[in-house]
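Residue 101 is where the sequence shown starts when you use the numbering used here, and the numbers rise one by one after that.
Worksheet for the structure shown next.
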Amino acid sequence: MAVFDSDMKGDPFVIDQNLDVWQNTPAYVPDALRHYSYQFLSSTSQAAEEKIAMLRENESLKKVCDKLNREKEKLLKNKDFVDKTLEALQKDLKEKTFLLFPTWRCYSK
C-alpha cells in the first residue's frame with residue numbers, strides 16, 4: 101500500500117514506492133528488459149542528436165558542393181572562351197604570316 105504525502109499546494113504524491121520492485125503488478129519489468137529499455141531510450145536520443153548533426157553537416161556540404169559546381173561551370177565557360185579566342189588568334193596569325201611571307205606557304209603545314 102502506498103503512502104501519500106502532499107506538497108505545499110496540497111497536491112498528493114507517493115513517497116514510499118520502490119519503482120524497481122514491482123514483482124506482483126502488471127507494471128513489473130525484469131532488470132534486463134529495464135536496462136535494455138533505458139539503454140535504448142538514451143541511445144535513441146543520442147542517435148537523434150547525431151542524426152541532426154549529420155543532417156546539418158550534409159546540408160553544409162551540399163551548399164559547398166553547389167558552390168563548387170557553379171565555380172566549375174564558370175571556369176569551363178571561361179576555358180571555352182579562351183580556347184575559341186586562342187583558336188581565332190592562331191588562325192589570324194597564320195593568315196598574317198602568309199600575307200607577310202608568301203614564300204613560307206609551302207613550308208608551313
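Ideal Cβ positions, reconstructed from N, Cα and C, are used throughout, including at glycine.
| Asked | Found |
| --- | --- |
| Collapsed DSSP secondary structure at F198 in the structure displayed | helix |
| Cα-Cα separation between K177 and D183, rounded to whole angstroms | 10 Å |
| Own chain, CB closer than 8 Å to M101, minus 5 neighbours either side, in chain order | Unreliable placement is indicated for M101, whose pLDDT of 45 sits below 50; the coordinate value is still reported in the next sentence. Counting only Cβ-Cβ distances below 8 Å, and skipping sequence neighbours, we find nothing. |
| Straight-line gap, Y136 to E171 (C-alpha atoms, nearest Å) | 50 Å |
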